[in-house]
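Student: Here this note's numbering is used: the first residue of the sequence shown is 108, the next is one more, and so on. Sharing a structure below in structure tokens format, with a few things to ask.
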Amino acid sequence: MNEYYNQYMQSCNTSQKGLAEAYVPFQKYISAYSPEQGLVRGTIFPELDKPYMEKKSGGINYGC
Numbered sequence: 108m109n110e111y112y113n114q115y116m117q118s119c120n121t122s123q124k125g126l127a128e129a130y131v132p133f134q135k136y137i138s139a140y141s142p143e144q145g146l147v148r149g150t151i152f153p154e155l156d157k158p159y160m161e162k163k164s165g166g167i168n169y170g171c
């Protein structure tokens, strides 16, 4: 996990969120894919490049 994730996840309290109100942590720009690679990967931001991996045991629990 990166330091920004850890910093902002500590204050994640979903009990205070309204219906359809998102919690979106701050993100720091680090790098970007080329436009061509972004089209292939579905994003130009490597930090957001999370390929779908089907798991029968459940998803990732981020604590929120």
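Here a beta-carbon is modelled for each residue, glycine too, at the ideal position from N, C-alpha and C.
1. Distance check for PHE152 and TYR140, CA to CA, integer angstroms please.
2. Does DSSP put GLU143 in a helix, in a strand, or in coil?
3. Using DSSP with H/G/I as helix, E/B as strand and the rest coil, what is PRO158?
4. How many Å lie between LYS135 and THR150 at the Cα?
5. In angstroms, rounded to a whole number, what distance separates the CA positions of GLU128 and GLN144?
Tutor: On the basis of the supplied data:
1. Taking the straight line from one Cα to the other gives about 6 Å.
2. Assigned with DSSP and collapsed to three states, GLU143 falls in helix.
3. In the structure shown, PRO158 sits in coil (DSSP, three-state: anything other than H, G, I, E or B).
4. Each residue's Cα considered, the two are about 16 Å apart.
5. One alpha carbon belongs to GLU128, the other to GLN144, and they sit about 32 Å apart.
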